[in-house]
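Residue numbers (our numbering): 9 to 143. All residues carry an ideal CB built from backbone N, CA and C; glycine is no exception. This one's a predicted model, so the numbers in the text were calculated from it and none came from an experiment. So the structure is just underneath, and the comments pick up after that.
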Amino acid sequence: MERDWPVHILIADDLEAWRTCIRSMLEERPQWQAISEAGDGQQAVDTATKLRPEIVLLDIGMPVLNGIEAAKRIREVSPDSKIIFVTKDGDGDVRDAALATGGSRVSGEGRDCEQTCTRDRSCSKGSIRSSGSGR
């Protein structure tokens, strides 16, 4: 099956500088398009409900509604969205909880947006692999 381009991505993180960094990286890649941003978990759920992005880059430690709870709700309203968690917490229990929501990947590489964008090249192919290691 032929892939429609670009892949629509929602960036959800409470750090505006990180969202800006990711958006800048995505703008350099025509196969990816940041369609919206959210600064807290509830905004992420509301935006995913409205836009139904193909990929949600979701911070685990967000205000109002944490990323794990937001992912559960996003799964209900947009079940086809792939969720890639980003976190600076490399704790295995946190990773397990995130993946248990149906998340596709947990990136524990910190806030390096270059690594997050370039390492997850599988996003551009629409097939996100599950990984418990983030490496």
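If I follow the unbroken alpha helix (DSSP H) through Asp102, where does it start and stop? Within the sequence shown, residue 102 is the residue found at index 94, counting from 1. In the sequence on display, residue 102 carries Val and not Asp. Gly100 to Ala108 is the extent of the alpha helix (DSSP H) around Val102.
Considering Cα atoms alone, identify which of Arg83, Asp101 and Val114 is closest to Ala52. Stepping through the sequence shown from its first residue, residue 52 is reached at position 44. Checked all of Arg83, Asp101 and Val114; the closest Cα to Ala52 is Arg83.
Identity of the residue in Pro61, Gln50, Asp54 and Thr57 nearest Ile68 by Cα: For the purposes of this step, residue 68 is taken as the residue at position 60 of the sequence shown. Answer by Cα proximity: Gln50.
At which residues does the alpha helix (DSSP H) containing Ile82 begin and terminate? Locating residue 82 in the sequence shown gives position 74, where the first residue counts as 1. Gly75 to Val85 is the span of the alpha helix (DSSP H), which, as asked, contains Ile82.
Give the single residue among Ala79, Thr55 and Ala108 whose Cα lies nearest to the Cα of Leu18. On the sequence shown, residue 18 is found 10 positions in, with the first residue counted as 1. Comparing Cα positions, the closest option is Thr55.
Could you check whether His16 and Glu62 sit closer than 7 Å to each other, using their CB atoms as the reference points? On the sequence shown, position 54 is the one that residue 62 refers to. On the sequence shown, position 8 is the one that residue 16 refers to. Result yes, Cβ atoms of Glu62 and His16 sit closer than 7 Å.
Exposed or buried, what is Ile100 when buried is set at 16 or more other beta-carbons lying within 10 Å of its beta-carbon? Here the question's residue 100 lines up with position 92 in the sequence shown. Just to set this straight, residue 100 is Gly in the shown sequence, not Ile. So Gly100 ends up on the exposed side.
Start-to-end residues for the alpha helix (DSSP H) that takes in Asp21: Reading the sequence shown from its first residue, position 13 is the one you call residue 21. Note, Asp21: premise wrong, no alpha helix (DSSP H); not H, not E.
Name the DSSP beta bridge partners of Ser89, please? If you number the sequence shown from 1, residue 89 lands on position 81. DSSP output for Ser89 lists no bridge partner at all.
Confirm, please, whether the CB-CB distance from Ser115 to Lys90 is below 7 Å. Here residue 90 refers to the residue found at position 82 when the sequence shown is read from its first residue. Here residue 115 refers to the residue found at position 107 when the sequence shown is read from its first residue. No, the Cβ-Cβ distance between Lys90 and Ser115 is not below 7 Å.
In its own chain, which residues sit with a C-beta less than 7 Å from the C-beta of Pro71, not counting the 5 before and 5 after it? As a first step, residue 71 must be located in the sequence shown, where it is residue number 63. Closer than 7 Å at the Cβ level, and outside the excluded window around Pro71, lie Asp22 and Asp48.
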